DNA sequence: TCACCGAGTTAGGTTTGCCAAAAATGTTTA
DNA sequence: TAAACATTTTTGGCAAACCTAACTCGGTGA
């Protein structure tokens with residue numbers, strides 16, 4: 372599984388979820404590549420059994436492809452939550468970082484981030500609030 | 372600057388620091404590639420003015436190359452510190468993650484991590500200690 | 001000093017991902 | 001329904017990184 376393949380799967384998953392259908396044009400737009408690159412990728416992913424693809428036909432993720440995409444997307448969301456909710460990083464930057472890190476981050480790291488967030492919120496949520504408040508003020 | 376180029380520069384920087392000299396063989400070993408790949412990379416980096424390289428001669432980073440390498444390496448260290456010292460992630464995993472994230476992470480994110488670490492240590496270091504202690508116990 | 005060995009280099013080839021241009025297919029509308 | 005438009009696909013090519021095999025260089029020991 373290359374990083375790029377994961378990105379294609381994740382993009383398709385999100386398109387499916389938001390638009391109901393997956394189209395070459397939309398994948399291309401989301402990943403900032405041209406349509407021929409998308410077709411190349413679809414063929415490869417299809418050979419690997421991660422995507423159902425017949426030319427000019429509708430595009431679908433297979434069970435296995437969807438599983439990988441969901442996994443990636445879930446890391447994406449958890450990372451973003453941590454960056455924004457704990458570190459107070461501006462959403463756009465958090466998004467950018469999550470978008471890359473999601474492909475490399477160890478399971479254990481994500482787990483710890485979640486546990487840490489929970490622990491802090493339970494044991495010193497006041498301090499956390501103060502930290503976030505200060506950051507937001509500095510931004511002005 | 373590609374991720375891979377940064378990795379070459381960082382590796383060279385660390386070799387320089389630890390061994391005093393930079394050798395093709397050692398770069399290859401560190402990056403798990405074969406010597407010809409290193410030579411390819413050195414030629415490109417030299418064309419970009421980031422490395423001083425003449426064949427069969429000693430290898431050096433230029434001022435500019437060193438700056439990039441230091442920058443990357445500093446992110447590496449800060450990320451590792453945060454992962455280990457705040458989240459309590461096992462050093463090997465922290466190292467792995469830092470090693471990837473360092474090439475993508477936004478300046479702002481690293482800055483926030485440092486500020487957050489400082490803030491927590493000053494305002495609820497007891498809670499942090501407890502969190503880390505619990506994690507270490509769970510690991511057994 | 002010179003043959004040899006390890007380190008470094010070159011040549012030639014692979015894979016992955018991307019693109020532009022042109023061809024094929026699908027869709028919409030006059 | 002057929003022309004016009006949009007989308008998708010194919011073709012052919014490029015660049016980044018990597019590799020194996022073969023060659024070159026530099027230092028070492030006989």
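Protein chains in written order, with the numbering used here: chain A, 372 to 511; chain B, 372 to 511. Ideal Cβ placement from N, Cα and C applies to all residues, glycine included. Keep in mind that this is a model prediction, so the values were computed, not measured.
It is roughly 35 Å from the alpha-carbon of residue 387/A to the alpha-carbon of residue 460/B.
Residues of the segment 431-461 of chain B with a Cβ closer than 9 Å to any Cβ of chain A, in chain order: 454, 457, 458, 459, 460 and 461. The criterion of a C-beta distance shorter than 8 Å is satisfied by residue 441/A and residue 384/A. Among the residues of the segment 464-493 of chain A, those with a Cβ less than 8 Å away from any Cβ of chain B are 464, 465, 467, 468, 471, 472, 475, 476, 477, 479, 480, 483, 484, 486, 487, 490 and 491, in the order of the chain. In the three-state scheme derived from DSSP, where H, G and I count as helix and E and B as strand, residue 498/A is classed as helix. Residue 488/A is a Cβ neighbour of residue 457/A, given a cutoff of 8 Å. Going by beta carbons, residue 395/B and residue 410/B fall inside the 8 Å limit. Around the beta carbon of residue 436/A, 16 or more other beta carbons sit within 10 angstroms, so the residue counts as buried. Chain A places a beta carbon closer than 8 Å to that of residue 498/B, counting this residue as a contact. Nearest in C-alpha terms to residue 439/A, of all of 502/A, 464/A and 382/A, is 382/A. Nearest Cα to residue 427/B within the set 372/B, 380/B, 393/B and 468/B: 393/B. Residue environment: residue 429/B is assigned as exposed (fewer than 16 neighbouring CB atoms within 10 Å of its CB, all protein chains considered). Of the candidates 380/B, 498/B, 511/B and 455/B, the residue whose Cα lies closest to the Cα of residue 434/B is 380/B.
Annotated three-state conformation of residue 409/B is helix, per DSSP. Close CB contacts of residue 451/B within its chain, under the 7 Å cut and outside five residues either way in sequence, are with 465, 466 and 469 (chain order).
Of the candidates 502/A, 398/A, 389/A and 391/A, 398/A places its Cα closest to the Cα of residue 377/A. Ranking 477/A, 453/A and 462/A by CA distance to the CA of residue 462/B puts 477/A first.
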